[in-house]
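What follows is one structure encoded as C-alpha coordinates, with my remarks underneath.
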Amino acid sequence: MPFNLSLSEREAVGLKRSLPVIERVSGRQLWANGKGYLNFAGNDYLGLSQAPELRAAAEAAAREFGVGAVASPLVVGHQAIHRELESELADWLGLEAVLLFSSGFSANQAVIKALLGKEHWLWQDRLNHASLQEAGALSPARMKRFAHNDMASLAAKIKPEAGLIVSEGVFSMDGDQGDWQGLAQVAEQSRNWLMIDDAHGLGVLGEQGRGTLSEQGMAAERVQVTMGTFGKALGVSGAFVGGSRALIEYLHNHARSYVYSTHLPPPQAAAILAAVRLVQK
1 MPFNLSLSER
11 EAVGLKRSLP
21 VIERVSGRQL
31 WANGKGYLNF
41 AGNDYLGLSQ
51 APELRAAAEA
61 AAREFGVGAV
71 ASPLVVGHQA
81 IHRELESELA
91 DWLGLEAVLL
101 FSSGFSANQA
111 VIKALLGKEH
121 WLWQDRLNHA
131 SLQEAGALSP
141 ARMKRFAHND
151 MASLAAKIKP
161 EAGLIVSEGV
171 FSMDGDQGDW
181 QGLAQVAEQS
191 RNWLMIDDAH
201 GLGVLGEQGR
211 GTLSEQGMAA
221 ERVQVTMGTF
231 GKALGVSGAF
241 VGGSRALIEY
251 LHNHARSYVY
261 STHLPPPQAA
271 AILAAVRLVQ
281 K
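For the sequence shown, UniProt numbering begins at 1 and goes up steadily by one.
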(Lines of atoms letter the chains of each structure in order from A; the text may use other names.)
(Lines give C-alpha, C1' and ligand atoms only; values in the text may rest on other atoms or scores of the structure.)
Protein backbone atom coordinates (compact mmCIF):
# COMPACT_ATOMS: atom_id res chain seq x y z
CA MET A 1 0.00 0.00 0.00
CA PRO A 2 1.42 3.45 -0.92
CA PHE A 3 1.10 4.93 2.58
CA ASN A 4 3.94 7.41 2.23
CA LEU A 5 2.60 8.76 -1.05
CA SER A 6 -0.85 9.29 0.43
CA LEU A 7 0.60 11.04 3.49
CA SER A 8 2.82 13.25 1.33
CA GLU A 9 -0.15 14.29 -0.79
CA ARG A 10 -2.16 15.22 2.31
CA GLU A 11 0.76 17.16 3.77
CA ALA A 12 1.22 19.09 0.51
CA VAL A 13 -2.32 20.48 0.71
CA GLY A 14 -2.28 21.04 4.48
CA LEU A 15 -4.58 18.12 5.35
CA LYS A 16 -2.20 15.77 7.17
CA ARG A 17 -3.41 15.13 10.70
CA SER A 18 -1.16 14.87 13.75
CA LEU A 19 -1.78 13.97 17.38
CA PRO A 20 -1.18 16.73 19.94
CA VAL A 21 -0.11 15.48 23.37
CA ILE A 22 -1.97 17.21 26.21
CA GLU A 23 0.18 17.10 29.32
CA ARG A 24 -2.25 18.49 31.87
CA VAL A 25 -5.82 19.80 32.10
CA SER A 26 -7.22 22.13 34.75
CA GLY A 27 -10.64 23.65 34.22
CA ARG A 28 -10.59 25.74 31.04
CA GLN A 29 -6.83 25.47 30.67
CA LEU A 30 -4.64 22.78 29.17
CA TRP A 31 -0.90 22.39 28.66
CA ALA A 32 0.95 21.09 25.61
CA ASN A 33 4.67 21.31 24.84
CA GLY A 34 5.16 23.03 28.16
CA LYS A 35 2.81 25.92 27.32
CA GLY A 36 -0.61 26.76 28.73
CA TYR A 37 -3.67 27.43 26.56
CA LEU A 38 -7.34 28.26 26.99
CA ASN A 39 -9.31 25.28 25.68
CA PHE A 40 -11.72 26.31 22.92
CA ALA A 41 -11.42 22.98 21.09
CA GLY A 42 -12.97 20.41 23.44
CA ASN A 43 -16.57 19.21 23.81
CA ASP A 44 -16.75 19.52 27.60
CA TYR A 45 -19.50 22.14 27.38
CA LEU A 46 -20.37 22.24 31.09
CA GLY A 47 -16.92 21.47 32.51
CA LEU A 48 -18.17 18.23 34.05
CA SER A 49 -15.09 16.20 33.12
CA GLN A 50 -13.34 17.90 36.05
CA ALA A 51 -16.31 17.83 38.44
CA PRO A 52 -15.51 16.34 41.87
CA GLU A 53 -18.85 14.49 41.88
CA LEU A 54 -17.86 12.56 38.75
CA ARG A 55 -14.39 11.77 40.06
CA ALA A 56 -15.80 10.50 43.34
CA ALA A 57 -18.40 8.34 41.57
CA ALA A 58 -15.75 6.79 39.31
CA GLU A 59 -13.45 6.07 42.25
CA ALA A 60 -16.23 4.42 44.26
CA ALA A 61 -17.27 2.25 41.31
CA ALA A 62 -13.66 1.19 40.70
CA ARG A 63 -13.44 0.00 44.30
CA GLU A 64 -16.77 -1.86 44.10
CA PHE A 65 -16.73 -3.30 40.56
CA GLY A 66 -13.11 -2.98 39.37
CA VAL A 67 -11.88 -0.89 36.47
CA GLY A 68 -13.21 -3.03 33.60
CA ALA A 69 -16.47 -4.74 32.65
CA VAL A 70 -14.35 -7.71 31.38
CA ALA A 71 -16.97 -9.04 28.93
CA SER A 72 -19.74 -8.24 26.49
CA PRO A 73 -22.91 -7.01 28.19
CA LEU A 74 -24.62 -10.18 26.95
CA VAL A 75 -22.10 -12.42 28.75
CA VAL A 76 -21.15 -11.11 32.21
CA GLY A 77 -20.31 -7.47 31.43
CA HIS A 78 -23.68 -5.90 32.29
CA GLN A 79 -23.37 -4.92 35.94
CA ALA A 80 -25.70 -3.21 38.39
CA ILE A 81 -24.21 0.23 37.69
CA HIS A 82 -24.96 -0.16 33.97
CA ARG A 83 -28.57 -1.09 34.67
CA GLU A 84 -28.94 1.88 37.04
CA LEU A 85 -27.57 4.24 34.39
CA GLU A 86 -29.89 2.86 31.70
CA SER A 87 -32.91 3.20 33.99
CA GLU A 88 -32.15 6.81 34.92
CA LEU A 89 -31.45 7.78 31.31
CA ALA A 90 -34.80 6.32 30.22
CA ASP A 91 -36.67 8.12 33.02
CA TRP A 92 -34.90 11.42 32.33
CA LEU A 93 -35.57 11.40 28.58
CA GLY A 94 -39.04 9.83 28.57
CA LEU A 95 -37.92 6.64 26.81
CA GLU A 96 -39.14 3.11 27.46
CA ALA A 97 -35.64 1.59 27.40
CA VAL A 98 -32.00 2.37 26.67
CA LEU A 99 -28.80 0.48 25.84
CA LEU A 100 -25.21 1.68 26.13
CA PHE A 101 -22.44 1.85 23.52
CA SER A 102 -18.73 2.63 23.72
CA SER A 103 -19.07 5.62 21.35
CA GLY A 104 -21.57 7.57 19.30
CA PHE A 105 -19.82 6.43 16.13
CA SER A 106 -20.34 2.76 16.98
CA ALA A 107 -23.92 3.40 18.13
CA ASN A 108 -24.91 5.06 14.85
CA GLN A 109 -23.26 2.37 12.77
CA ALA A 110 -24.81 -0.45 14.78
CA VAL A 111 -28.35 0.94 14.68
CA ILE A 112 -28.45 1.68 10.95
CA LYS A 113 -26.89 -1.69 10.09
CA ALA A 114 -29.28 -3.55 12.41
CA LEU A 115 -32.49 -1.80 11.34
CA LEU A 116 -32.13 -1.55 7.57
CA GLY A 117 -31.89 -4.19 4.86
CA LYS A 118 -31.60 -3.99 1.10
CA GLU A 119 -35.37 -3.56 0.83
CA HIS A 120 -35.24 -0.31 2.86
CA TRP A 121 -34.48 3.35 2.19
CA LEU A 122 -32.43 5.71 4.36
CA TRP A 123 -32.91 9.49 4.12
CA GLN A 124 -30.24 11.69 5.70
CA ASP A 125 -29.66 15.41 6.09
CA ARG A 126 -26.65 16.37 3.96
CA LEU A 127 -24.87 17.79 7.01
CA ASN A 128 -25.25 14.71 9.21
CA HIS A 129 -22.17 13.54 11.11
CA ALA A 130 -19.59 11.31 9.40
CA SER A 131 -20.67 8.33 11.52
CA LEU A 132 -24.17 8.52 10.05
CA GLN A 133 -23.01 9.12 6.50
CA GLU A 134 -20.56 6.23 6.67
CA ALA A 135 -23.17 3.95 8.25
CA GLY A 136 -25.49 4.73 5.37
CA ALA A 137 -22.78 4.03 2.80
CA LEU A 138 -22.03 0.65 4.41
CA SER A 139 -25.68 -0.29 4.89
CA PRO A 140 -27.44 -2.46 2.30
CA ALA A 141 -30.27 0.10 2.30
CA ARG A 142 -30.57 2.64 -0.51
CA MET A 143 -29.55 6.07 0.81
CA LYS A 144 -30.75 9.49 -0.30
CA ARG A 145 -29.50 12.76 1.18
CA PHE A 146 -31.80 15.77 1.36
CA ALA A 147 -30.83 19.45 1.43
CA HIS A 148 -29.96 20.69 4.90
CA ASN A 149 -33.07 21.24 7.04
CA ASP A 150 -35.17 21.41 3.85
CA MET A 151 -38.46 19.59 4.36
CA ALA A 152 -39.51 20.12 0.74
CA SER A 153 -36.32 18.39 -0.40
CA LEU A 154 -37.03 15.49 1.97
CA ALA A 155 -40.68 15.22 0.95
CA ALA A 156 -39.66 15.05 -2.72
CA LYS A 157 -37.42 12.03 -2.04
CA ILE A 158 -39.53 10.16 0.51
CA LYS A 159 -41.29 6.86 -0.13
CA PRO A 160 -44.15 5.53 2.03
CA GLU A 161 -43.42 2.90 4.69
CA ALA A 162 -39.95 2.32 3.29
CA GLY A 163 -37.35 3.04 5.94
CA LEU A 164 -35.68 5.57 8.24
CA ILE A 165 -35.20 9.36 8.29
CA VAL A 166 -32.11 10.49 10.22
CA SER A 167 -31.03 13.97 11.29
CA GLU A 168 -29.19 15.70 14.12
CA GLY A 169 -30.51 17.65 17.06
CA VAL A 170 -27.73 20.23 16.87
CA PHE A 171 -25.40 20.13 13.87
CA SER A 172 -21.85 19.99 15.15
CA MET A 173 -20.18 22.10 12.45
CA ASP A 174 -22.79 24.85 12.00
CA GLY A 175 -24.46 24.89 15.42
CA ASP A 176 -28.02 25.12 14.09
CA GLN A 177 -30.83 22.80 15.16
CA GLY A 178 -32.71 20.28 13.06
CA ASP A 179 -36.35 21.09 12.21
CA TRP A 180 -37.85 18.34 14.32
CA GLN A 181 -41.47 19.39 14.01
CA GLY A 182 -41.05 19.34 10.23
CA LEU A 183 -39.18 16.03 10.25
CA ALA A 184 -41.83 14.40 12.43
CA GLN A 185 -44.59 15.64 10.15
CA VAL A 186 -42.93 14.14 7.06
CA ALA A 187 -42.22 10.88 8.90
CA GLU A 188 -45.77 10.55 10.20
CA GLN A 189 -47.38 11.39 6.87
CA SER A 190 -45.19 8.86 5.03
CA ARG A 191 -45.32 6.27 7.86
CA ASN A 192 -41.54 6.04 8.14
CA TRP A 193 -39.35 5.82 11.23
CA LEU A 194 -37.39 8.80 12.55
CA MET A 195 -34.00 8.86 14.31
CA ILE A 196 -32.30 11.74 16.12
CA ASP A 197 -28.59 12.03 16.84
CA ASP A 198 -28.65 14.47 19.76
CA ALA A 199 -24.97 14.31 20.67
CA HIS A 200 -24.66 18.10 20.91
CA GLY A 201 -28.10 18.95 22.31
CA LEU A 202 -28.23 16.54 25.24
CA GLY A 203 -27.41 18.19 28.54
CA VAL A 204 -27.47 21.78 27.28
CA LEU A 205 -30.89 22.25 25.65
CA GLY A 206 -34.42 21.69 26.88
CA GLU A 207 -35.98 21.30 30.31
CA GLN A 208 -33.46 19.76 32.73
CA GLY A 209 -31.06 19.29 29.82
CA ARG A 210 -33.27 16.77 28.02
CA GLY A 211 -32.04 17.94 24.63
CA THR A 212 -33.29 19.23 21.32
CA LEU A 213 -36.72 17.58 21.29
CA SER A 214 -37.53 19.11 24.67
CA GLU A 215 -36.17 22.48 23.49
CA GLN A 216 -38.55 22.36 20.51
CA GLY A 217 -41.55 21.23 22.58
CA MET A 218 -41.73 17.79 21.00
CA ALA A 219 -42.72 14.55 22.73
CA ALA A 220 -39.97 11.92 22.74
CA GLU A 221 -42.31 9.22 21.42
CA ARG A 222 -42.65 11.00 18.06
CA VAL A 223 -39.06 9.91 17.34
CA GLN A 224 -38.61 6.15 17.23
CA VAL A 225 -34.81 6.07 17.73
CA THR A 226 -32.86 8.44 19.99
CA MET A 227 -29.07 8.45 20.10
CA GLY A 228 -27.08 10.59 22.50
CA THR A 229 -23.49 10.72 23.67
CA PHE A 230 -21.76 11.15 27.01
CA GLY A 231 -18.62 12.84 25.67
CA LYS A 232 -20.04 16.32 25.14
CA ALA A 233 -22.08 18.10 27.84
CA LEU A 234 -21.82 15.13 30.24
CA GLY A 235 -18.02 15.27 30.18
CA VAL A 236 -17.22 11.54 29.97
CA SER A 237 -17.42 9.28 26.87
CA GLY A 238 -19.67 6.62 25.38
CA ALA A 239 -23.20 6.75 24.00
CA PHE A 240 -26.69 5.32 24.25
CA VAL A 241 -29.59 4.42 22.02
CA GLY A 242 -33.14 4.67 23.35
CA GLY A 243 -36.65 3.93 22.20
CA SER A 244 -39.33 1.31 22.73
CA ARG A 245 -38.62 -1.84 24.72
CA ALA A 246 -39.12 -3.87 21.56
CA LEU A 247 -36.50 -1.79 19.71
CA ILE A 248 -33.94 -2.17 22.49
CA GLU A 249 -34.50 -5.92 22.78
CA TYR A 250 -34.08 -6.19 19.01
CA LEU A 251 -30.78 -4.28 19.22
CA HIS A 252 -29.61 -6.54 22.06
CA ASN A 253 -29.78 -9.32 19.50
CA HIS A 254 -28.78 -7.58 16.25
CA ALA A 255 -26.50 -4.59 17.02
CA ARG A 256 -23.16 -6.26 16.39
CA SER A 257 -20.88 -3.65 17.98
CA TYR A 258 -22.98 -4.04 21.15
CA VAL A 259 -23.06 -7.84 21.10
CA TYR A 260 -19.35 -8.30 20.36
CA SER A 261 -17.73 -5.50 22.40
CA THR A 262 -16.64 -5.37 26.02
CA HIS A 263 -19.11 -3.22 27.96
CA LEU A 264 -18.35 0.26 29.33
CA PRO A 265 -16.00 0.19 32.35
CA PRO A 266 -18.02 0.48 35.60
CA PRO A 267 -16.18 3.66 36.72
CA GLN A 268 -17.13 5.28 33.41
CA ALA A 269 -20.79 4.28 33.84
CA ALA A 270 -20.77 5.66 37.39
CA ALA A 271 -19.27 8.98 36.26
CA ILE A 272 -21.91 9.26 33.52
CA LEU A 273 -24.66 8.58 36.05
CA ALA A 274 -23.30 11.33 38.30
CA ALA A 275 -23.28 13.72 35.32
CA VAL A 276 -26.87 12.84 34.38
CA ARG A 277 -27.96 13.70 37.91
CA LEU A 278 -26.02 16.98 37.93
CA VAL A 279 -27.43 18.34 34.67
CA GLN A 280 -30.99 17.88 35.94
CA LYS A 281 -30.44 20.22 38.88
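We treat Cβ as the ideally placed atom computed from N, Cα and C, and that holds for glycine.
As the structure is a prediction and not an experimental result, all values here were calculated from the model.
Same chain, Cβ closer than 7 angstroms to residue i, five either side skipped, listed in chain order
{"i": "N108", "result": "S131, L132, A135, D197, M227"}
{"i": "Q79", "result": "F65, A69, P266"}
Distance CB(residue i)-CB(residue j) smaller than 7 angstroms
{"i": "G163", "j": "N128", "result": "no"}
{"i": "G238", "j": "S102", "result": "yes"}
{"i": "A255", "j": "A110", "result": "yes"}
{"i": "I248", "j": "L85", "result": "no"}
{"i": "V170", "j": "H148", "result": "no"}
{"i": "A275", "j": "A58", "result": "no"}
{"i": "P20", "j": "A32", "result": "yes"}
{"i": "R145", "j": "Q124", "result": "yes"}
{"i": "L99", "j": "L251", "result": "yes"}
{"i": "V186", "j": "M151", "result": "yes"}
{"i": "A220", "j": "G104", "result": "no"}
Beta-ladder partner(s) of residue i, from DSSP
{"i": "Q177", "result": "V170"}
{"i": "V98", "result": "G242"}
{"i": "G163", "result": "W121"}
Three-state secondary structure assigned by DSSP to residue i
{"i": "R83", "result": "helix"}
{"i": "F240", "result": "strand"}
{"i": "M1", "result": "coil"}
{"i": "A32", "result": "strand"}
{"i": "A147", "result": "coil"}
{"i": "T262", "result": "coil"}
{"i": "S26", "result": "strand"}
{"i": "R222", "result": "helix"}
{"i": "Y250", "result": "helix"}
{"i": "D125", "result": "strand"}
Neighbourhood of residue i by C-beta distance below 6 angstroms, restricted to the same chain and skipping five residues each side
{"i": "A71", "result": "G77"}
{"i": "V223", "result": "L194, I196"}
{"i": "K159", "result": "W121"}
Stretch pair the region 10-30 + the region 47-57: three plus CB contacts closer than 8 angstroms:
yes
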